[in-house]
Structures are given as C-alpha cells and as structure tokens.
Ligand SMILES: *Cc1c(COP(=O)(O)O)cnc(C)c1O
C-alpha cells in the first residue's frame, strides 16, 4: 500500500529512533527536561522568537494561542476552511468562548484587503476583533503558499489595529522551502507561530508554539489547564529536535514527487482538474457524477491510499516515507479509467 492519505502517517526512521532512545529526560512540568528545553530553544531561535512551548499536537498549540490572545466574546478573523475553525472540534468557542469572522478568501488564503474590511469598528454592537490567523501552507487550499508581501501587509494591519497575528504553520517549512524566505525574517511578522513536527518533518508526536517570553509564559499556564503538561517528554521531543535538524532539507523532494503525482492524476479521465501543486499536497477535482468515497475505495483496491477531501475532491500528500519507486508504483497502477 502506498499511503498518501496525509504527511502525518510517517514512522520514525531508525536514526530518529536511536536519537530518541538516547534522549536525556526529566520532569518537564518542573522545567527539568533538557531535551524539551533544547527543542523549545532551538525552534524559537529558528524563527527569531524569544521562547517556545512543546505541545502534544497542532490543535493544542493553536487552541492555546487563541486562549492567550482572546477573551470570551472576542472575534478571530480566519479563512472559512481554516484548520482552527473546521478541524478543531469547535475549540475556538468551546475552549475560549471566542467568535469567528469567516472569510471566503482565494485558494485557502485570505487577503489584506478582505481582512481590513472585516475588522469591526469600535462600536458596542460588535464583537471586539482581536486576532487574525492564517495558514501557510493552506491545507484546504491544496498546500498553497502565501506571498510574503501579503503576510507583511496583514502584519502591518494587525499592528495598526492592535490585533494579534497568529500563524498556523503546520506546514510552514514546506512554505519556506518554496519562497526561500529566511525564517527569522518571516517569523518577525507574527505574534505567535504554531509549527507541526509530526507532519512533513516526520516526528512521531508534537508541535511547537513560539512567541515572546511573556506570551509563552501565559501559554505554559494554559497548556497545564488543558491537561497538556507532560513529564519525561524528552523521549518524544527528541524526535521533534531530530526532525528540525535533519528533515527540513529534504522537503524539496516531497514537492518534486507531489508534482509527479499531479501529472499522474491529471491523466485520469475521471479527474476534472488538479489544483496546481506548490508543495506536498495534491488535490484533484472529480468530474461530475464521480463519488469521492467510491473513487478512494477504487484507488485502495490498486494499492493507493488517499482521502476524500469534500466537495468532490480527493487529496494525496507526499512525505518522508514516500520514495521515487512509490511514485513509480502509483504511475503504473493509477486507473486512468474507472
Ligand atoms: C494537521 C494540522 C494542524 C494540527 O493538527 P494536529 O493533528 O492536531 O497536530 C493544524 N493546522 C493545519 C493546517 C493542519 O494541517
């Protein structure tokens, strides 16, 4: 089976596992785990941030950031298909009592103009606009990357209007691989950054939340309240540290292979179009009359695993455990006709 369902399905390599087994550990709630401390320091330094916080998942880092930035009733501006809204179980409301202003955007991205129009005036009728959150790359957009100039403009607007600017950077290193922007220059634009270690970077568990020392101090308290304080977490944090130090460099291979899959998918007579691939996500629009559940099942029968992506679309994602020969297998077995 060639597993293209998500870049979360990766298994740690032998080198990563060896590194994890050798990790020095301690009680992280006491601040005593040297490996967790090193991962937090290392991740923060990569983006020029003062501090970091190691968490169990990207949902947790996003939800903690929202909780620190917002008070109940405040409003968050984000894309209508953003992970924080669509895939975190209603956590914005449930955990933080915050409201959302959902923007239609373009290909998963929201524009500076659109954001500016949706900031509420200082009027008692409206929720207080408090925060803007963007995804780079955008998952539902098909792994597309923001123009850095747009990020700078959004950041400018946030500063002027006193809004917090959060990055859901689940796949931020895929974005930076394409734009080649220095992560420190990039990181400066955001008040908080969430980075997944367990997606394309290939670590088994965890995400990092990055920001100022003051922000991370508050975030650490919220993590505890959310039940996310871990003890000898260095064993899993080591996987994250290994991933940051060794697996960023290879993301371009995932992108090259995703472009191959784009071409393969486009040959099928049941595919209407494929969203132009920018990173490691390949999204195909099915022709009218094809059911995504049935298509996913048919692909499974020939050894190719992918997921239905809603609205008559299927998604494939390349990652650490997909090789050139796996792509070759897909090419040879992909049904051009169903
Ligand atoms: C995967 C993902 C997350 C975090 O997901 P977890 O499974 O909780 O780690 C957040 N945002 C985006 C865009 C994602 O793709």
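Numbering (my numbering), first residue to last: 6 to 343. Glycine is no exception: its CB is placed at the ideal position from the N, C-alpha and C atoms.
- Straight-line spacing of the CA atoms in residue 92 and residue 162 works out to 27 Å.
- Bridge pairing for residue 201: 212 [DSSP].
- Taking 9 Å as the cut-off, the Cβ atoms of residue 113 and residue 147 count as close.
- By the Cβ rule, the region 206-224 counts as touching the region 241-253, because three or more pairs are nearer than 8 Å.
- Here the alpha carbon of residue 41 sits roughly 35 Å from the alpha carbon of residue 107.
- Residue 142 is not a Cβ neighbour of residue 111, given a cutoff of 9 Å.
- Proximity to residue 173 across 65, 190 and 12 peaks at 65, based on C-alpha coordinates.
- Taking residue 267 as reference, the option from 194, 285, 88 and 213 with the minimal CA-CA separation is 285.
- With a cut-off of 8 Å on Cβ pairs, the region 303-316 is in contact with the region 333-341, counting three or more such pairs.
- If you ignore the 5 residues before and after residue 279, its C-beta comes within less than 6 Å of the C-beta of 267, 270, 271 and 289, all in its own chain and listed in chain order.
- Environment of ligand 1, chain-ordered: 62, 63, 64, 88, 140, 144, 173 and 175, taking every residue with Cβ within less than 5 Å of a heavy atom.
- The three-state secondary structure of residue 105, taken from DSSP, is strand.
- A straight-line Cα-Cα distance of about 30 Å links residue 94 and residue 55.
- Spatial neighbours of residue 224 in its own chain (CB-CB distance under 6 Å, excluding positions within 5 residues in sequence) are listed in chain order as 58, 69, 73 and 214.
- Here DSSP, grouped into helix, strand and coil, assigns residue 123 to coil.
- Judged by their CB atoms, residue 200 and residue 24 are not nearer to each other than the 9 Å cut-off.
- In this structure, the CA atom of residue 119 is about 12 Å from the CA atom of residue 158.
- Residue 166 holds the alpha-carbon nearest to the alpha-carbon of residue 136 among 88, 166 and 109.
- Counting other Cβ atoms within 10 Å of its Cβ, residue 298 stays below 16 and is therefore classed as exposed.
- By DSSP's assignment, residue 170 forms a beta bridge with 137.
- Counting only the Cα atoms, residue 175 lies some 8 Å from residue 140.
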